[in-house]
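Protein chains: 4
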Amino acid sequence: MTESAAFKSGRHFLQIPGPSNIPDRVLRAMSKPTADHRGPEFAALTLSILDRIKMVFQTSSPVLMFPSSGTGAWEAALVNTLSPGDRVLAFETGNFATLWCNVAKRLGIDVDWVEGDWRHGVDPAVVETKLAEDPNGEIKAVLVVHNETSTGITNGIAAIRQAIDNAKHPALLMVDGISSVGSIDLRHDEWGVDVTICCSQKGLMLPPGIGINVVSDKALANSQSAGFAKSYWDWAPVIKMNEKGFYPYTPPTNLLYGMDAALDMLLEEGIANVFARHHRLAEATRTAVFAWGLEFCPLNPSEYSDSLTAVWMPDGHDADELRKLILDRFDMSLGTGLGKVKGRVFRIGHLGDLNDLTLAGTLCGVEMGLGLAGVPHKKGGVDVALQYLASTSAE
Amino acid sequence: MTESAAFKSGRHFLQIPGPSNIPDRVLRAMSKPTADHRGPEFAALTLSILDRIKMVFQTSSPVLMFPSSGTGAWEAALVNTLSPGDRVLAFETGNFATLWCNVAKRLGIDVDWVEGDWRHGVDPAVVETKLAEDPNGEIKAVLVVHNETSTGITNGIAAIRQAIDNAKHPALLMVDGISSVGSIDLRHDEWGVDVTICCSQKGLMLPPGIGINVVSDKALANSQSAGFAKSYWDWAPVIKMNEKGFYPYTPPTNLLYGMDAALDMLLEEGIANVFARHHRLAEATRTAVFAWGLEFCPLNPSEYSDSLTAVWMPDGHDADELRKLILDRFDMSLGTGLGKVKGRVFRIGHLGDLNDLTLAGTLCGVEMGLGLAGVPHKKGGVDVALQYLASTSAE
Amino acid sequence: MTESAAFKSGRHFLQIPGPSNIPDRVLRAMSKPTADHRGPEFAALTLSILDRIKMVFQTSSPVLMFPSSGTGAWEAALVNTLSPGDRVLAFETGNFATLWCNVAKRLGIDVDWVEGDWRHGVDPAVVETKLAEDPNGEIKAVLVVHNETSTGITNGIAAIRQAIDNAKHPALLMVDGISSVGSIDLRHDEWGVDVTICCSQKGLMLPPGIGINVVSDKALANSQSAGFAKSYWDWAPVIKMNEKGFYPYTPPTNLLYGMDAALDMLLEEGIANVFARHHRLAEATRTAVFAWGLEFCPLNPSEYSDSLTAVWMPDGHDADELRKLILDRFDMSLGTGLGKVKGRVFRIGHLGDLNDLTLAGTLCGVEMGLGLAGVPHKKGGVDVALQYLASTSAE
Amino acid sequence: MTESAAFKSGRHFLQIPGPSNIPDRVLRAMSKPTADHRGPEFAALTLSILDRIKMVFQTSSPVLMFPSSGTGAWEAALVNTLSPGDRVLAFETGNFATLWCNVAKRLGIDVDWVEGDWRHGVDPAVVETKLAEDPNGEIKAVLVVHNETSTGITNGIAAIRQAIDNAKHPALLMVDGISSVGSIDLRHDEWGVDVTICCSQKGLMLPPGIGINVVSDKALANSQSAGFAKSYWDWAPVIKMNEKGFYPYTPPTNLLYGMDAALDMLLEEGIANVFARHHRLAEATRTAVFAWGLEFCPLNPSEYSDSLTAVWMPDGHDADELRKLILDRFDMSLGTGLGKVKGRVFRIGHLGDLNDLTLAGTLCGVEMGLGLAGVPHKKGGVDVALQYLASTSAE
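Here the protein sequences come in this chain order: A, B, C and D.
Under our numbering, the first sequence has 54 at position 53, and the numbering climbs by one with no breaks.
Under our numbering, the second sequence has 216 at position 215, and the numbering climbs by one with no breaks.
Under our numbering, the third sequence has 245 at position 244, and the numbering climbs by one with no breaks.
Under our numbering, the fourth sequence has 35 at position 34, and the numbering climbs by one with no breaks.
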């Protein structure tokens, strides 16, 4: 492949909420020569990473990393805690919840699937009811996607935890934090999450390649009796080897160099500040969408996501045609509609390494694209976003 | 982590046959900004990679890539072609054969395990006998590690194929080519391999993070009826999505940038030239070891590996003490003895991106280390290696 | 220095028209290991660069590169063509014209200095008059800054050439193209420029470190009799050594790797397309400034620069306070007012590697900054710029 | 240019004592996005660099940096301290002393040139005699190349200082430390050097692009009355602007990022340890050359250089043919013979970022090359070098 094929002058705006923009500091860290992953220096790096990453998850539990995508981390969570035929409660909040459900089904897990319209989050009352109807504890786990990357809906994990407690039900709480961790507050310990699932390429500001499980004591206890045959995803050897800074597989060395730099960046900024920054940038985005007179995919404002905004297209207008136009004219990649909302939704990613002017440029691209594509909308979205950003900018 | 901790002036010699040295051209390619893996340019890159990589495996079959380590690629090969309780034939040729056997066992596969002494390769006659004793075809697959990274033994895949054919047995032939592909001749099609297993970090000159399966028509046919529950490792969605240049998971984008550059390098040099280069460098290494009067881990010279040389320590001398001394004094990482040969063996990696003078520097480090560690040996290993390299250098 | 000191999350906007933004492709090219600058591969690279760079200057004359800043290239132009005490004609169009004049004076050149108000370009009629008043040809050279980086004024080189011709005067025409070359049309040959002065860090999209002289036959002829003692800046040995791909000094190897990549980028896009892109982005910027109701530093619209826009602050408002606020709040560096217009002017760079959305983000930052700083202005600058960009975007 | 042209598998050995090998840490630092060189962060970086670099020169005097090659730094030293027609005393110790002399002559300086055979250093007794014969102090400066990169001869600066003092002569002592600084002990203050000349690409482990002058109080005082017209090289504005962290020209930003990292590396190792490392590696090299039975370019062992070794070829054998063979066969660049010793000498660089095994690989390449080129020599050079390195390696 020649490089020229990809060249357009100026910086590409990557605002898919898939992999986020990688800070140049992380890219440079990843270009270090690969080291011996069985040597003493790499072990020290591993121990430091495994220690510092706990602050991002707000946990004192072990954080386990697999060379995998986020889908692998879903599978790892299931096969370590459950047995074939086990029943789990899950909610159709969007494409990724559906894909996770499919993973579970393919593995032979019995999914109690609460259908949804992809425009609402999980109702804690339903959780409580469902669990109350299961006095024998046949439901082994509740599966929730914290932030649905396909719909821009953030679920209330604390309220769901409360619902489980209200029902006095022993089910594990498994939370997919793939597009929330590092961007939106997720408190593994305080909220009583049993397994938090994550991966490298969103709030952690890395390229894809690392899947993550954060594992509570209860989950760990459950894993002793879990009935799935497993090897690659088995937590036990990872935990054991990690103690001395090693892994039961060849780790993705250069990604870990990047992780080291990314953790430095997150902790230098302060994790609460990181969350506040994303909330503010998300608010600016929503202000613009509202001013354009466009609808949000989520119908409930309290469920708007701080890491991406999914915009609902007016009837008769195709989101992917808009996205293609914006890519061709303005060299910006926006997120496509996935699954049921294909063509109905486009997504503006504002997670990871982002600041005011990059977001402003992003919104400018959307506003110009809407006009050129003939999508009915009101002008002024950028204007109000700028007013919001200006009035809330830190002195 | 500060960078200073790792600083030693001058270039670190990474001669573990784990991850190989990464060419700076590949490192630079990997530092490109991450792209939209659902966009048209990335799809074009994927199609180009999937096309060119076939030349490295000498195959016209599909090459499937997973975000995983090599151990994941082992698991993928098993769960796509077999069913729980299936019987496979495998050989104890070293640590990685043993680990692969353990993966199979953990997954509930019945491994017919032919024990070995870690100093001999697979005897094709035993393969033939074993299969001849299985007239009902209960053995579903023969598992062979082409090049044992722990012992420096290369097995004769063509002869093993012949043995299977002689026995007229329908078992699949699965070959772990992790430390041979891109360094040692492996002919997936011509040798009738059904699944070749590989990963990114050795002959492909990348960091770890990609597991590979190359899949014959027969293996693909078998996968239709394979009984393992599976999701992440399922070949079917990968093959389907790859057709248009996409993946059923978020691919490791920046590693794929590196893969693009690494394939350019291998194909520019010519794959036959790459194999010849490694054979010559391996011969030089062996000449030195022989001159030192040290023993090889493999007892059969016809099984010496061209991608690494495992040296057997004289009784009473610990390989890891030698390795530690060489690391401390000369900033060179050599491969440790693994499993049963822990302490008995050290390994000199000469795979991946390597040339004469880097190998020469490596052998100098070993020769000095042997002396300083008080390991009984004769001088002159470097001398004869240099004579060999000089006399065989291309005009 | 720790990296953390410089960290702000998200991408810094560097819109000073000093060094321009460096494309990541160029940054990666520059990180190649340094080669032997006396070896055959580096010579081939040099010959290729010296050949291709002529297309950027639209010349068939030799392009000479010095390891220096642009100020060095000024000095080189003077000492190769003139003698101490020689008279030159120069124009006070802004800070860089003044600095160049000072260089000439320090070297003992007699500068016939046409004063100016920093808000108008060179009047070709004045050139003609001045030269007509010099029948004995005592004026040896006319010095013009093509694009004044301090004021955003572009001078009409073709008209100045015509004025010289009208006066039938033998003076050399020396043009500082530092902030025009690679962004604004400059035709060395067609316009009869004798020495074009340039450097690496603006339209050529490199870091600073290379000064450039493009030398006409007439200038070369003059250099035979030029009376300055010189060594470093002497054209003769550069021209001689360049013939075979070498230099009379150790060349800035890694910058030349970057130059190779930058030339690929410029020539892939097409130099006419590069100019058109900058004109369009400049128009968008001007549309915004006009809508804000702010004044331009240049008073003559026909002299507006396509590589930067210098904005004149309303009385009582300090440009540097605005710049500081924008840097602090929005992590964007704008150009400071230099020399006589210190505090009166801020400059928006839109040269080098730039596209629509980066410019849009830039204008958003300015509009927010104006508001927060209490600078009297009308809203809507961003709006009209977006309208312009959208309506002119290429299908 | 395609990258493929330059590809050879494995790492190129760059052992020219021109630009030295650049540590990957420095290369990564240089790939940071360019910053505003008039902004506060860059000023802080500059102040930090200018402070720390003094430790490398062992001085409390100002260290001035020019965007230039080392030849520019020669010129800067002369034009700031002298007047046209001034007389200086200089010594033909090799090619670079001769080039510096030529720079001085071209500038109109009257060089009192003590001829030499390129195989001996400066005799302090001659310095004393020459100065004693100049009671009126017509000699304004003594020019000495500390380490002759063309011949591998290191001159005794302390003894030369003593000779000047013995003669009670007021001449300035100007020392070219280009290939000694950062590799060989040079004490600017203690040895009473008035101007130390240096550049970026040798012991400072950077690419070329920065020329350096370190300036004593006496030199600074002289510069007040120096009669050369000058602009670019003028010390005064550099010193003035540096006070606040700025420069009177656009500084080579990305090289300064590299300088920041290189200084970190040198100071972490400790400057005395850096000198000791180079001495030891030089000794190993000399041991090999001696064992090969080859002659050194320097005839006086006390003048052997610790940053490079120049080897004198046996009669009838061409050094450049040997160099070409080694480059073609083993991908190693050695230094060519320059000027009078063209073809008679090849040079092994062992300055900058170097460790034991890289040097060992280098010597292996030379030994193989000598054999293949049919250069008469004894075997065993590598052997004795390894014995030396092993016996002196730090526990």
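The beta-carbon is built from N, C-alpha and C at its ideal position, and this holds for glycine as well.
Asked, Found
"Determine the contact status of Ile406 of chain B and Gly71 of chain B, defining contact as a CB-CB distance below 7 Å.", "This structure cannot speak to residue 406 of chain B, because chain B is shown only from 2 to 396."
"Which residues of the region 18-33 of chain D have a Cβ closer than 9 Å to any Cβ of chain A? Give them in chain order.", "Asp25, Arg26, Leu28, Arg29, Ala30, Ser32, Lys33"
"Closer than 8 Å is the cut-off here; do at least three beta carbon pairs connect the region 135-155 of chain B with the region 288-307 of chain B?", "yes"
"Using a threshold of 7 Å, state whether the C-beta atoms of Leu387 of chain D and Met369 of chain B are closer than that.", "yes"
"When burial is assigned at 16 or more other CB atoms within 10 Å of the CB, is Leu390 of chain A buried or exposed?", "buried"
"Determine whether the beta carbon atoms of Trp75 of chain A and Ala91 of chain A lie at a separation below 7 Å.", "no"
"For the putative contact between Gly11 of chain A and Thr288 of chain C, defined by C-beta atoms under 8 Å, what is the C-beta separation to the nearest angstrom?", "That belief does not hold up - the Cβ atoms of Gly11 of chain A and Thr288 of chain C are roughly 19 Å apart, past 8 Å."
"Hey, does Cys365 of chain B have any beta-carbon neighbour from chain D nearer than 7 Å?", "yes"
"Do Asn223 of chain A and Ala77 of chain A have their CB atoms nearer than 7 Å?", "no"
"State buried or exposed for Asp166 of chain D, treating a residue as buried only when at least 16 other CB atoms are found within 10 Å of its CB.", "exposed"
"Which one or two residues does DSSP pair with Phe229 of chain D in a beta bridge?", "In the DSSP output, where bridge partners are listed per residue, Phe229 of chain D has none listed."
"Based on the DSSP output, what are the partners of Cys298 of chain B in its beta bridges?", "For Cys298 of chain B, which the question treats as bridged, DSSP gives no partner whatsoever."
"Under the assumption that Leu352 of chain A contacts Ser21 of chain A (Cβ atoms under 8 Å), give the Cβ distance between them as a whole number of angstroms.", "5 Å"
"Check whether the region 48-58 of chain D touches the region 47-59 of chain C, counting contact only when three or more Cβ pairs, one atom from each stretch, lie closer than 8 Å.", "no"
"Grab me the residues of Ala36 of chain B's own chain with a C-beta within less than 7 Å of its C-beta, minus the 5 sequence neighbours each way, in chain order.", "Glu42, Phe43, Thr254"
"Quick check on the DSSP output: what are the complete beta strand (DSSP E) runs of length 3 or more inside the region 90-160 of chain B, in order along the chain?", "111-115, 140-146"
"Taking Asp363 of chain A as part of the alpha helix (DSSP H), name the residues at either end of that continuous run.", "Checking the sequence, you will find Thr at residue 363 of chain A rather than Asp. Looking at the DSSP string, the run of the alpha helix (DSSP H) that includes Thr363 of chain A is 357-373."
"For the beta strand (DSSP E) that Asn214 of chain A lies in, which residues bound it at each end?", "211-216"
"My output table needs one value for Thr72 of chain C: the three-state DSSP class, helix, strand or coil.", "helix"
"Would Met369 of chain A pass as an interface residue toward chain C - the criterion being a Cβ-Cβ separation below 7 Å?", "yes"
"For Arg345 of chain B, tell me which candidate among B:Leu335, B:Ala320, B:Thr363 has the shortest Cα-Cα distance.", "B:Ala320"
"Does the beta-carbon distance from Gly362 of chain D to Ala292 of chain B come in below 7 Å?", "no"
"Classify Glu244 of chain C: buried if its beta carbon has 16 or more other beta carbons within 10 angstroms, exposed otherwise.", "exposed"
"Should the region 122-141 of chain A be called in touch with the region 88-106 of chain A, which here means at least 3 C-beta pairs below 8 Å?", "yes"
"Which residues of chain C have a Cβ atom closer than 8 Å to the Cβ of Leu48 of chain A, listed in chain order?", "Correct list: empty, because the minimum Cβ distance to chain C is about 21 Å."
"Where do the ends of the beta strand (DSSP E) carrying Met333 of chain B lie?", "333-335"
"Taking the alpha carbon of Val27 of chain D as the point to measure from, which residue in D:Tyr258, D:Pro63, D:Ser226 has its own alpha carbon closest?", "D:Tyr258"
"When you check each C-beta in the region 326-358 of chain C against every C-beta of chain A, which residues fall closer than 7 Å?", "Arg330, Phe331, Asp332, Met333, Asp354, Leu355, Asn356, Asp357, Leu358"
"So what does DSSP say about Gly1 of chain D, is it helix, strand or coil?", "As shown, chain D starts at 2 and ends at 396. That puts residue 1 of chain D outside it, with no answer to give."
"Alpha carbon to alpha carbon, how far is Glu322 of chain C from His280 of chain C?", "29 Å"
"Between which two residues does the alpha helix (DSSP H) carrying Ala277 of chain B extend?", "272-292"
"If we call anything under 7 Å between Cβ atoms a contact, is Val312 of chain C one with Leu295 of chain C?", "yes"
"Leu387 of chain A CB to nearest chain C CB: under 7 Å?", "yes"
"Spatial neighbours of Lys379 of chain C within its chain, please: C-beta separation below 7 Å, excluding the five flanking residues on both sides.", "Ala292, Trp293, Gly294"
"What does the alpha-carbon distance come out to for the pair Pro63 of chain B and Ile17 of chain A?", "29 Å"
"Look up Arg188 of chain A in the DSSP assignment and say whether it is helix, strand or coil.", "coil"
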